[in-house]
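Let me begin by presenting the structure, written as structure tokens, before commenting on it.
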Amino acid sequence: MTTDSLAPVAPSRVFTAILLRDLTVARRELPYFLVRTALQPILFVIVFGFLLPKMGMIPHGYSTTMLPGVVALSLTLSAIQSVALPMMQDFGYTKEIEDRLLSPVPTYLVAVEKVFSGVLQGVVAALFVLPVARLIMGPIPGLSFGNAPLLLAVTVLGGAAFSAMGLYLGTGIAPPQIGLMFSVIVAPMIMFGCTYYPWAGLVHVPVMKWLVLINPMVYVSEGMRAALTPAQPHMPTAFILIALVVLTALFMWMGLKAFDKRAMS
Amino acid sequence: MNAIETRALRKVYPAPAVKKRRGAPPAPPSTGIVAIDSLDLSVADGEFFGVLGPNGAGKTTLIGILTTRVRITAGEALVAGVSVANAPAAVRRRIGVVPQRPNPDRSLSVIENLVFHATYFGIARAEATRRGHELLERLGIADKASAKVDQLSGGQQQRLMIARALTHDPRVIFLDEPTVGLDPQARLSLWEILRELHGQGRTIVMSTHYMEEADQLCDRLAIIDQGKLLALDTPAALKAQAPGDTVVEVMFDDDASVAADVARTMDGVSKAEARGPLLRVFSKRGGELIPALIDAGEANGRTVRDIHLSRPSLETLFITLTGRKLT
């Protein structure tokens, strides 16, 4: 064999190879992936965006409030799951990740790659749900795609924050508590994440208005509102972007620490 | 240059956290669990080196340290001249690892497992594919190339792990109890593969708790227990060190210490000890002693549950050194 087995390998090359592995697997599982991530938001769209307005129980304009929230929901759920689930599996029982932990790069790169691939999967989920939701709900007053750079920034930053959160949840939580993670962390995050109502609406319950600010979901929902339905009330754009950057950095730090603890004993 | 060098190597795992009870006095500061204790080893290039020890001896921790997956508490470890603590990525470049339990990438097919793994080491895809097929051929699982990993038997998965460990042409190969859980036939054919790899001049470090395996395959053996090196030599030299005594073990239904006292007075007994209900007697007289030992127990109201006889061998040396059996 001709390769010089002593020459170091460029980390970028290893990173790309591991990313390619994840993309190969993701492409194969795409139908399941889309069902897994899009089903819940689409069910909400059918009930709240189509059935209830048809019955006259919800005003038609509600779809304008709801659409950005639903896109935010698919983005964050798929980003969390695409990192947390494989981490739990690989570290908890199958140990499959060990072949990547033995690759000739610093171990943290393996975690960074996983977060990167989580962002990509979140973007795909958001891109998929947006037209489907539009299709079910019919014309949405005030929907605009003029804000593409902001939409891109919110999608990527939101995906990054939640992939990094998935890294932390997937490595920092003991396997027996995984069920709890979804009911105790993810479910409240969705319900209090300004997904189904704008943050400005919480003015009627001032305590909640301030309390929900610790919920990272709020910034993705409001960011989507700012990007997709800019005429609707939403948080200041700069505040949203700064919050998402800070959250990404925080979760990344927590996630890498927890990952390192699992990868090295 | 030695393939492996450890100096005063030490690994202490933090003790499991003890739940504090309200009102209870604060627990004394815990010292942790010592898995490896002041271990000095050197393995020459091209050597087939065995690490022998019972469960919990520190074998897996030692392999974990040398394969950069376990942090060192103190001391130093070099693999192919590179420090595992200071340059883990460079060490990983030089080693192949076959884990205790096969951990193939189950989302990928057999050949993809090899191809992707090779690309993690910077090998171009075409070359990786060529190597992958060549390795599957050599390990006798070429017909499984496009199979899902789950369709492989335990022995075939273990071969896949060996093929994976070889894709990047490492200088040192680590195998952590590679034959645990394999049927005898798969074990023998794995031995053949390991002999062939050794024949190619690669350094092989293998942990095992099977005496026979260590005896058959290894150039040199380290016997470790509780993280300490107890003996290190060729299998032949170790066997020569084994006391000329046969070990007779009689398991009673209750404490055997009175029987041990009696046994010590018997002719030709060099050592007798009781470990709970287990009476262990070292003697050149071997099986001849059994009736007298049974009598000694029964006179004391004990009933015999089991009898075991070990002739002078690595096994008896091991019992002498550690006071424990291997398996």
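So the sequences go chain by chain: A and B. According to numbering that gives the first Met the number 0, the first sequence is numbered sequentially starting from 0. According to numbering that gives the first Met the number 0, the second sequence is numbered sequentially starting from 0. Each residue gets a CB set at the ideal place from its N, CA and C atoms; glycine is no exception. Computed from a prediction, not measured in an experiment: that's the story for all the values here.
CB-CB length for residue i against residue j, believed under 8 Å
i, j, result
"B/Pro169", "B/Gly95", "4 Å"
"B/His208", "B/Pro311", "Between B/Pro311 and B/His208 the Cβ distance is about 20 Å, and since that is not below 8 Å, they are no contact."
"B/Leu165", "B/Leu216", "Not quite, the Cβ-Cβ distance comes to about 17 Å (not below 8 Å), so this is no contact."
"B/Pro87", "B/Thr67", "4 Å"
"B/Val171", "B/Arg93", "6 Å"
"B/Gly131", "B/Val114", "5 Å"
"B/Ala103", "B/Asn112", "For the record, residue 103 of chain B in the displayed sequence is Pro; it is not Ala. Yes, they are in contact, since the Cβ atoms of B/Pro103 and B/Asn112 sit about 5 Å apart, within 8 Å."
"B/Leu151", "B/Ile192", "Their Cβ separation, rounded to whole angstroms, is 15 Å, which puts B/Leu151 and B/Ile192 out of contact at 8 Å."
"B/Ser206", "B/Asp175", "5 Å"
"A/Gln80", "A/Thr15", "In fact, because the Cβ distance is near 24 Å, the residues do not count as touching under 8 Å."
"A/Phe115", "A/Arg261", "In fact, because the Cβ distance is near 19 Å, the residues do not count as touching under 8 Å."
"A/Phe47", "A/Ile57", "7 Å"
"A/Tyr107", "A/Leu255", "5 Å"
"B/Leu65", "B/Val83", "6 Å"
Opposing strand residues paired with residue i [DSSP bridges]
i, result
"B/Ala73", "B/Arg9"
"B/Glu4", "B/Ser41, B/Leu77"
"B/Thr178", "None, per the DSSP bridge assignment."
"B/Asp168", "According to DSSP, which records beta bridges pairwise, B/Asp168 is partnered with nothing at all."
"B/Arg219", "B/Phe48"
"B/Thr202", "B/Val171"
"A/Leu272", "The displayed coordinates of chain A run from 0 to 264. Any statement about residue 272 of chain A would go beyond what the structure contains."
"B/Lys227", "B/Asp224"
"B/Thr207", "B/Leu51"
"B/Ile32", "B/Tyr12"
"A/Ser182", "Paired residue(s): none; A/Ser182 is not in a bridge."
"B/Asp232", "B/Leu220"
Range covered by the beta strand (DSSP E) that runs through residue i
i, result
"B/Ile140", "Neither: B/Ile140 is in no beta strand (DSSP E) and is coded neither H nor E."
"B/Phe173", "171-175"
"B/His307", "303-309"
"A/Ile41", "Segment 29-43 is the alpha helix (DSSP H) holding A/Ile41; no beta strand (DSSP E) there."
"B/Met250", "245-251"
"B/Arg332", "Since the displayed chain B opens at 0 and closes at 326, residue 332 of chain B lies outside it and no answer follows."
"B/Ser282", "277-282"
Own chain residues within Cβ distance below 8 Å of residue i, not counting five before or after
i, result
"B/Glu46", "Ala2, Thr202, Ile203, Asp218, Arg219"
"B/Leu231", "Leu40, Arg219, Leu220, Ala221, Ile222"
"B/Gln240", "Ala230, Asp232, Leu316"
"B/Ala7", "Ser37, Leu38, Asp39, Ala73, Gly74, Glu75"
"B/Leu107", "Phe115, Val148"
"B/Ile122", "Arg130, Thr166, His167"
"B/Ala117", "Glu126, Ala127, Arg130, Gly131, Thr166, His167"
"A/Ala257", "Leu166, Tyr167, Thr170, Gly171"
Spatial neighbours of residue i in its chain, beta-carbon cut-off 7 Å, leaving aside the 5 residues before and after
i, result
"A/Asp3", "Unreliable placement is indicated for A/Asp3, whose pLDDT of 47 sits below 50; no coordinate value is reported for it."
"A/Thr154", "Leu74, Val122, Ala125"
"B/Leu196", "Ile172, Ile203"
"A/Thr1", "For A/Thr1, the predicted structure reports a pLDDT of 38, less than 50, and the residue's modelled location is therefore unreliable. The matter cannot be settled from this model."
"B/Ala162", "Leu113, Leu134, Leu135, Leu138"
"A/Leu5", "none"
"B/Asn299", "Val257, Ala258"
"A/Met188", "Asn214, Met216"
Neighbourhood of residue i by C-beta, 6 Å cutoff - its chain only, sequence neighbours within 5 removed
i, result
"B/Val261", "Ala295"
"A/Met180", "Leu168, Ile172"
"A/Pro40", "Val69, Leu72, Ser73, Val128"
"B/Asp224", "Gly52, Ala56, Thr321"
"A/His233", "Glu221, Arg224, Ala225"
"B/Ala235", "none"
"B/Ala185", "Gly154"
"A/Leu103", "In the sequence as displayed, the identity of residue 103 of chain A is Pro instead of Leu. Excluding sequence neighbours, A/Pro103 sits near Val8."
"B/Lys270", "Phe281"
"A/Glu112", "Phe14, Ile17, Leu18"
Residue i CB to nearest heavy atom of the ligand GTP below 7 Å
i, result
"B/Ala14", "Ligands are entirely absent from the displayed structure, and the ligand GTP is therefore not among its contents."
Opening and closing residue of the alpha helix (DSSP H) in which residue i lies
i, result
"B/Gly153", "153-165"
"B/Ile289", "289-297"
"B/Gly95", "Looking at the DSSP string, B/Gly95 is not in any alpha helix (DSSP H); the run it does join, the beta strand (DSSP E), is 94-97."
"A/Trp252", "236-262"
"B/Ser106", "B/Ser106 -> no alpha helix (DSSP H), and no H or E assigned at all."
"B/Ser256", "256-263"
"A/Gly165", "147-171"
"A/Pro205", "205-210"
"A/Arg224", "215-227"
"B/Pro242", "Per DSSP, B/Pro242 belongs to no alpha helix (DSSP H) and is neither H nor E."
"B/Ile64", "58-65"
"B/Leu313", "313-321"
"A/Pro52", "51-54"
Next item on the list: Return the chain-ordered ranges of every beta strand (DSSP E) run that is complete within the region 86-114 of chain A and spans a minimum of 3 residues.
Entry: none
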